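J.:
In my numbering, the protein residues as written are 4 to 387.
#1: Mind checking whether the beta-carbon of residue 163 lies closer than 7 Å to any heavy atom of the ligand NAD?
#2: Given residue 145, which residues of its chain have a CB within under 6 Å of its CB, disregarding the five upstream and five downstream residues?
#3: Using the C-alpha atoms, what's the distance from residue 224 back to residue 186?
#4: Quick check for students: name the residue ranges of the alpha helix (DSSP H) that lie wholly in the stretch 60-146, counting only runs of 4 or more.
#5: Which of helix, strand or coil does DSSP assign to residue 10?
#6: Would you mind reading off the limits of the alpha helix (DSSP H) that contains residue 362?
#7: Along the chain, which unbroken stretches of the beta strand (DSSP E) at least 3 residues long are found entirely within the stretch 208-239?
#8: For the putative contact between residue 303 and residue 333, defined by C-beta atoms under 8 Å, what is the C-beta separation to the nearest angstrom?
#9: Under a Cβ-count criterion, where at least 16 other Cβ atoms within 10 Å of its own Cβ denotes burial, should residue 265 be classed as buried or exposed?
#10: Using a Cβ distance threshold of 8 Å, determine whether the stretch 312-325 contacts the stretch 334-346, with at least three qualifying pairs required.
#11: To the nearest angstrom, how far is the alpha carbon of residue 17 from that of residue 297?
#12: Should the stretch 192-204 be called in touch with the stretch 106-118, which here means at least 3 C-beta pairs below 8 Å?
#13: Is the beta carbon of residue 39 closer than 8 Å to that of residue 66?
#14: Which residues in the same chain have their Cβ closer than 8 Å to the Cβ of residue 9, if we skip the five residues on either side of it in sequence?
#15: Using the three-state DSSP reduction, which class does residue 314 fall into: helix, strand or coil?
#16: If we ignore side chains and look at the alpha-carbon of each, how far apart do residue 337 and residue 382 end up?
#17: Quick one: what's got a C-beta closer than 7 Å to residue 293's C-beta in the same chain, skipping five residues either side?
#18: Look at the alpha carbon of residue 76 and the alpha carbon of residue 234, and state the distance between them as a whole number of angstroms.
#19: Measure the Cβ-Cβ separation of residue 247 and residue 272 and say whether it is below 8 Å.
#20: Taking its Cβ as the centre, do 16 or more other Cβ atoms sit within 10 Å of residue 315, making it buried, or is it exposed?
#21: Helix, strand or coil, according to DSSP, for residue 36 in the structure here?
#22: Would you kindly work out how many angstroms separate the C-alpha atoms of residue 267 and residue 210, rounded to a whole number?
#23: Cα-Cα, which of 239, 357, 54, 127 is closest to residue 256?
#24: Three-state secondary structure (DSSP) at residue 4?
#25: Where do the N-terminal and C-terminal ends of the alpha helix (DSSP H) with residue 150 fall, by residue?
#26: Report yes if the CB atom of residue 29 is closer than 8 Å to the CB atom of residue 121, and no otherwise.
#27: Buried or exposed: where does residue 113 fall if 16 or more other Cβ atoms within 10 Å of its Cβ makes it buried?
#28: Buried or exposed: which applies to residue 216, given that a residue is buried once 16 or more other Cβ atoms fall within 10 Å of its Cβ?
#29: State the Cα-Cα distance for the pair residue 15 and residue 64, rounded to the nearest angstrom.
#30: For the beta strand (DSSP E) that contains residue 287, what are its first and last residues?
#31: Closest to residue 310 by CA distance: which of 25, 33, 339, 360 is it?
#32: Measuring CA to CA, which of 307, 368, 361, 318 is closest to residue 342?
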């Protein structure tokens, strides 16, 4: 009798994902797919919370300290058959911890996928309205920076530096031969809601960077001249505003996305929760009445009402056909769309004010000949 073999665990996978410079809209499409499929997400503390919006509800999210390599945690989770996503700011594979983690995963003979993130020198100038035209030279400022060589390069010069060092960097370029009148831009917190850009010339930039802090992208070149005119990102209508979004957690996303498109920083503060009734019997009787012919109309005044009725019908193994014998009214385009998504096209939507009053204004008078059933089902919340 041969020994029984233990079932093998499914193969796990590790994805090393760079989140770029801060704007979650710049994530690679593949990064979004991997985040949505992950069982475990190890996210560097510097990664924006908005990047985690696509994580599954049942997935585990662990925040890690900057600079700490997580090779052991990645390989252990992968060996357990889990799909693991490691999120690092910038281009993950170009960071010391990212490279160490990749080597650890490969050494453990685990599957590895790398999704690069956009680097600051690639995207920040464009977000600042600066055209970093070719030829273009990019350099990170440190103790060994070859200032004489950089001062003589043709075209656009992009320096990755800090706000506190900008004046010193500009002086070094002028000292080694760059024209003092060359236009220059300095951007901090690039592609984020805190982005700020100032423009000047090499000999005057010290006077405009005094209150800037943090990492900076310094651009020297002709493309800076139109920066103020082309500053599309920082000139949006709500740029820099912080806006409270008092909606249910699952409904805040759409409004937050619109606010972000206008430059605002949405702060989601759920003030209500949508829950089933504490006493389900009345709701159950009402929903059964829909397909048993006890109502002539059902009127929905919110997406939540549509969701509640739909879930109850599906709980009974029913679908949109259960409403075939009843007329349907809806208040508002989003409520109507929720019904359409369920497979029900409303018979009545207010032509004017989108409210209960607007619905009543368009409601046809009751006629006992054409409407022998004189009951209307109006599902709504207890605080509506």
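Positions of the beta carbon are idealized from the N, C-alpha and C atoms, including for glycine.
What you are looking at is a predicted structure, and each value in this text was computed from that prediction instead of being measured.
T.: From the atom records:
#1: As far as ligands go, the structure on display features none, and thus does not contain the ligand NAD.
#2: Non-local C-beta neighbours of residue 145 in its own chain, meaning closer than 6 Å and more than five positions away in sequence, are absent.
#3: One C-alpha to the other measures close to 6 Å.
#4: Complete alpha helix (DSSP H) runs here, min 4: 74-82, 99-110, 123-130.
#5: Confidence in residue 10 is poor, its pLDDT being 49 and thus under 50, which makes the residue's placement too unreliable to answer from.
#6: Taken as a continuous stretch (DSSP letters only), the alpha helix (DSSP H) holding residue 362 covers 359-365.
#7: Inside the stretch 208-239, DSSP marks whole beta strand (DSSP E) runs of 3 or more residues at positions 218-223, from first to last along the chain.
#8: Rounded, the Cβ-Cβ distance is 5 Å, consistent with contact.
#9: By the neighbour-count rule (16 or more Cβ atoms within 10 Å), residue 265 is not buried but exposed.
#10: Judged by Cβ distances under 8 Å, the stretch 312-325 makes contact with the stretch 334-346, as three or more pairs qualify.
#11: Distance between the alpha carbons of residue 17 and residue 297 is about 56 Å.
#12: In short, these stretches do not touch, since the Cβ pair count stays below three.
#13: Cβ atoms of residue 66 and residue 39: not closer than 8 Å.
#14: Residue placement at residue 9 is flagged as unreliable, the pLDDT there being 48, under the threshold of 50; the coordinate-derived value follows with that caveat. There are no such residues.
#15: Residue 314 falls in the helix class under three-state DSSP.
#16: About 16 Å.
#17: Here the set comprises 301, 325, 326, 329, 380.
#18: Between the alpha carbons of residue 76 and residue 234 lies a distance of about 43 Å.
#19: Less than 8 Å divides the Cβ of residue 247 from the Cβ of residue 272.
#20: Classification for residue 315: buried.
#21: Looking at residue 36 - three-state DSSP - the assignment turns out to be helix.
#22: Spanning the two alpha carbons is a distance of roughly 29 Å.
#23: In terms of Cα proximity to residue 256, the closest of 239, 357, 54, 127 is 54.
#24: Because residue 4 sits at a pLDDT of 46, beneath the cut-off of 50, its placement in the model cannot be relied upon, and the following sentence gives the value as read from the coordinates. When DSSP states are grouped into helix, strand and coil, residue 4 belongs to the coil group.
#25: For residue 150, the enclosing alpha helix (DSSP H) covers residues 150-154.
#26: Against a cut-off of 8 Å, the Cβ pair of residue 121 and residue 29 comes out as a contact.
#27: It is buried - the Cβ of residue 113 has at least 16 other Cβ atoms within 10 Å.
#28: Here residue 216 is exposed, its C-beta having fewer than 16 other C-beta atoms within 10 Å.
#29: When rounded, the distance between both Cα atoms is 17 Å.
#30: From DSSP, residue 287 is part of no beta strand (DSSP E) but of the alpha helix (DSSP H) over 284-294.
#31: A check of alpha carbon separations from residue 310 across 25, 33, 339, 360 identifies 339 as the nearest.
#32: The option with the nearest alpha carbon to residue 342 is 307.
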